[in-house]
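Take 1 as the starting number for the sequence shown in our numbering and just add one per residue. For every residue, glycine included, the Cβ atom is placed at its ideal position computed from N, Cα and C. Quick caveat, the model's predicted, so the values are computed rather than measured.
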Amino acid sequence: MTSRAPDIETIVIGGGVIGMAIAVACAKAGQNTAVIERNSGCGQEITSRSSEVIHAGLYYPAGSLKALHCVAGKSRLYQFANENGVAVKRLGKLIVATSHSELPALADIAAKAKVNGVDDLQVLSPAQVCALEPEVACVGGLFSPSTGIIDSHALVQSLEGHLSTSAGTVIFKTSVTAITWHRDSHFELDVLTSGTPAKVSARNVIVAAGLGMAELRSVLPHAPGYVAPDIQFAKGHYFTYQRRTPFQHLVYPVPVAGGLGIHVTLDLQGRARFGPDVAWTDTIDYGFDDKDGARQAEFERAVRTYWPGVSASSLVQGYVGIRPKTSRAGEPARDFEIHGPREHGIPRMVALYGIESPGLTACLSLADYCCGMIA
Ligand SMILES: Cc1cc2nc3c(=O)[nH]c(=O)nc-3n(C[C@H](O)[C@H](O)[C@H](O)COP(=O)(O)OP(=O)(O)OC[C@H]3O[C@@H](n4cnc5c(N)ncnc54)[C@H](O)[C@@H]3O)c2cc1C
Numbered sequence: 001m002t003s004r005a006p007d008i009e010t011i012v013i014g015g016g017v018i019g020m021a022i023a024v025a026c027a028k029a030g031q032n033t034a035v036i037e038r039n040s041g042c043g044q045e046i047t048s049r050s051s052e053v054i055h056a057g058l059y060y061p062a063g064s065l066k067a068l069h070c071v072a073g074k075s076r077l078y079q080f081a082n083e084n085g086v087a088v089k090r091l092g093k094l095i096v097a098t099s100h101s102e103l104p105a106l107a108d109i110a111a112k113a114k115v116n117g118v119d120d121l122q123v124l125s126p127a128q129v130c131a132l133e134p135e136v137a138c139v140g141g142l143f144s145p146s147t148g149i150i151d152s153h154a155l156v157q158s159l160e161g162h163l164s165t166s167a168g169t170v171i172f173k174t175s176v177t178a179i180t181w182h183r184d185s186h187f188e189l190d191v192l193t194s195g196t197p198a199k200v201s202a203r204n205v206i207v208a209a210g211l212g213m214a215e216l217r218s219v220l221p222h223a224p225g226y227v228a229p230d231i232q233f234a235k236g237h238y239f240t241y242q243r244r245t246p247f248q249h250l251v252y253p254v255p256v257a258g259g260l261g262i263h264v265t266l267d268l269q270g271r272a273r274f275g276p277d278v279a280w281t282d283t284i285d286y287g288f289d290d291k292d293g294a295r296q297a298e299f300e301r302a303v304r305t306y307w308p309g310v311s312a313s314s315l316v317q318g319y320v321g322i323r324p325k326t327s328r329a330g331e332p333a334r335d336f337e338i339h340g341p342r343e344h345g346i347p348r349m350v351a352l353y354g355i356e357s358p359g360l361t362a363c364l365s366l367a368d369y370c371c372g373m374i375a
C-alpha cells in the first residue's frame, strides 16, 4: 500500500472559491490536481453567501496575510474577471462617520490603508459625500474608488473551466473523513463517496474546507504538540430592500467588533442588500433568525444612522452567510491562518483556517501562495 505511487499528485479538499483557485494554480504549475468536494457543485457554501465585494485592503493590520493578499488579490481579480468574461463593476465605496466620536476610526482606516499600499483612498467632507450620495448623512467620509463587486458564481464557474482545461478535475459528492501521512511518501485520504467508503492517495494535500475545517482540524496529521486553530461560526444576516435605493456606491459605516458594520452593497443588477450582521452560533444552520422582529429593528436603527430616509417596511429578510472564525466572540479579529510544514510539522500539506472576508478578493493571490508552499 505505502510503496505504490500516489493516485494523484495534489489533492485540494474543498471546492469553494479558495480551493478552486488553489487547484487552478497547482494545475497550471503542471501538477496533476484533483479537488474533493462534498457537495454536488462547487462554491455552494461560504462562497455563495457573501457580499461579493472586491475589497481594497483598507482595514487589515500592516503585514497581515489579509492585508497582503487582499491588496495583491484585488488587481488580480479585476484582471481575471475582465479576461474571462466574469461580471465585475468598480463601483467605489464610501465609509462614513455618523458622529464626531467615529472620526478617529476613519483616520485609523486611512492610516492602515496607506501602510497597506492602498494609494487611492480619498478623505471627503460631508459635502463631498453628499455630492456622491445625496441621501447619506454623515460628519465625514472616506472614498475608495478601487472597491467593486463581482459575480462570485461566475467566478467559480470560470475557475472550474480553467481547472478542466489544465487537466484537473473535481470529484463531487465526496467527503474526506480522515487523512493518514505515510512518511516521505504520500497521504492516504479516507473518503465517503455518495455514502460509500473509499481511499485515495496524493503526494500533496491542501485543505481549504471553509466551515468544514471545524471537523477536519482533528483528523489532519501533525507533529507532537501542534494544536490546530479552533473554528467558531459567526452568522451574518442580510436584508434586501423592496424598493429601489438611491445608492450608486457601496456605503459602509465604521467597522464594529467581528464585522464591517451593517452596510449597503449593491448586486450587479443594482439591487441593494443590507448586512451582514454578526451573530455567533454553534451550528452550521442557514436559517434566518428573526422570529420577534428584533433583528429587523436593529438593522433599521443601524441603517438610519447614515440613511435617514430608509423605509423600515421595505426591509425584507434575505439570506444568511456563515464566517469561519479563529477568534471567539468579544476577541479582536484574527488574521487568516495558513499552516504549512513550519507550523504543523508535516511536509507537503497546507491547511487554511479562518478564511473569512476578504477571502473572495484574495483568492487568486492566496492560491499562488499556497501552491508555492508545497512546490
Ligand atoms: C457573510 C459573508 C460575507 C462575505 N463577504 C465577502 C466580500 O464581500 N468580499 C470578500 O472578499 N470576501 C467576503 N467573504 C469571505 C469569502 O466569502 C470567503 O473567504 C470565501 O468564500 C471562502 O471560500 P472557501 O473556499 O474557503 O469556503 P467555501 O466556499 O465554504 O468552500 C469550502 C468547501 O469545502 C467543502 N468541504 C468542507 N468540508 C469538506 C470535507 N470534509 N470533504 C470535502 N469537502 C468539504 C465544502 O462543501 C465547501 O464547498 C464573506 C464571507 C461571509 C460569510
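| Check | Outcome |
| --- | --- |
| Examine ligand 1 and report whether any of its heavy atoms sits within less than 7 Å of the Cβ of N116. | no |
| Just confirm the distance between the C-beta atoms of S99 and V139, as a whole number of angstroms; I'd bet it's less than 8 Å. | 7 Å |
| On the criterion of 16 or more Cβ atoms from any shown chain inside 10 Å, does D368 qualify as buried, or is it exposed? | buried |
| Would you please state the rounded distance, in angstroms, between the beta carbons of I346 and P221? I believe it to be under 8 Å. | 5 Å |
| If you run the structure through DSSP and keep just helix, strand and coil, what is D190? | strand |
| With hydrogens ignored, establish whether the beta-carbon of P276 is closer than 7 Å to any heavy atom of ligand 1. | yes |
| Give the straight-line distance between the Cα atoms of S125 and G63, rounded to the nearest whole angstrom. | 30 Å |
| Check the C-beta distance from L315 over to F274 and give it rounded, since I have them as a contact under 8 Å. | 7 Å |
| Per DSSP, which one or two residues make a beta bridge with N204? | T10 |
| Could you give the first and the last residue of the continuous beta strand (DSSP E) run that contains A351? | 349-353 |
| Is the beta carbon of R76 within less than 7 Å of some heavy atom of ligand 1? | no |
| List the DSSP bridge partners of G259. | V256 |
| Got a sec: does ligand 3 put a non-hydrogen atom nearer than 7 Å to the Cβ of N32? | Although ligand 3 was asked about, the structure shown includes only ligand 1 as ligands. |
| Is it a yes or a no for the stretch 5-20 touching the stretch 193-204, going by three-plus beta-carbon pairs under 8 Å? | yes |
| Measuring from the CB of S50, is there a heavy atom of ligand 1 at a distance below 7 Å? | yes |
| Any contact of the stretch 21-37 with the stretch 49-57, i.e. 3+ C-beta pairs under 8 Å? | no |
| At the level of alpha carbons, what is the spacing between P224 and T180? | 15 Å |
| In whole angstroms, what is the alpha-carbon distance linking V71 and R183? | 37 Å |
| Consider the C-beta atom of L360 and the heavy atoms of ligand 1; say whether any pair is separated by less than 7 Å. | yes |
| T2 to D190, Cα distance in whole Å? | Caution applies to T2, whose pLDDT of 44 falls short of 50 and renders its modelled position unreliable; the model cannot decide the point. |
| Between I179 and ligand 1, is the CB less than 7 Å from at least one heavy atom? | no |
| Drop a sphere of 10 angstroms on the beta-carbon of N204, count the other beta-carbons inside from all chains shown, and report buried for 16 or more, exposed for fewer. | buried |
| Tell me the DSSP secondary structure of G359 in three-state form. | helix |
| According to the neighbour-count rule (16 or more other Cβ atoms, all chains shown, within 10 Å of its Cβ), is Q31 buried or exposed? | buried |
| Report yes or no: do the stretch 298-318 and the stretch 242-257 share at least 3 C-beta pairs separated by less than 8 Å? | yes |
| Any heavy atom of ligand 1 closer than 7 Å to the CB of L216? | yes |
| Using only CA atoms, which one of S48, I171, A228, S144 lies nearest to L192? | I171 |
| For Y353, does the count of other Cβ atoms within 10 angstroms reach 16, so buried, or fall short, so exposed? | buried |
| Would R323 and A209 qualify as a contact pair, given that the criterion is a beta-carbon distance under 8 Å? | no |
| Return the residue from the list A362, V176, C363 that minimises the CA-CA distance to T196. | V176 |
| Among the residues of its own chain, which have a CB less than 8 Å from the CB of A29, if the five just before and after it don't count? | C371, A375 |
| Just list the residues that DSSP pairs F239 with in beta bridges. | F274, Q317 |
| Is the closest heavy atom of ligand 1 to the C-beta of S175 under 7 Å? | yes |
| Could you have a look at S175 and say whether DSSP puts it in helix, strand or coil? | strand |
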